[in-house]
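Anchor point for the sequence shown: position 58 equals 58 in this note's numbering, and the numbering is continuous, going up by one each time. Even glycine gets a Cβ: it sits at the ideal position worked out from N, Cα and C. Comments concern the structure below.
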Amino acid sequence: ALQMAPHDILGTIGVAFIVVMYVMLQLGKINAERPTFSALNALGAVFILISLIYQFNLSAALMEGVWLLVSLYGLWKALSGRRP
């Protein structure tokens, strides 16, 4: 049977959040300017970063760190009503 460590489960949930949001964006089911889009992307990045504490990978950590920062900026824009 497949057994996953808790940090792997958390990382997998993070990946699911990011992938589902991206697929929904590409299918036109969600608008990238909605807070939900950026919030779930940020949460996904946080979950992946937590999983990387246990099995570190520099390139993945850099990618998720940037993903988190960009998502937080998008969330700030969405919540503050700012537009580019």
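Around the Cβ of residue i, are there at least 16 other Cβ atoms within 10 angstroms (buried) or fewer (exposed)?
i: I18; result: buried
i: G81; result: exposed
i: A42; result: buried
i: G28; result: exposed
i: L52; result: buried
i: L79; result: exposed
With distance defined between alpha-carbon atoms, name the residue in the options nearest to residue i.
i: A45; options: M4, L2 and L69; result: L69
i: L72; options: I53, E33 and Y54; result: E33
i: K77; options: Y54, L49, S38 and E64; result: S38
i: L40; options: I53, I13 and Q3; result: I13
May I ask you to report which of helix, strand or coil DSSP gives residue i?
i: Q55; result: coil
Does the contact criterion of 3 or more C-beta pairs under 8 Å hold for the segment 23-43 versus the segment 58-66? With a cut-off of 8 Å on Cβ pairs, the segment 23-43 is not in contact with the segment 58-66, counting fewer than three such pairs.
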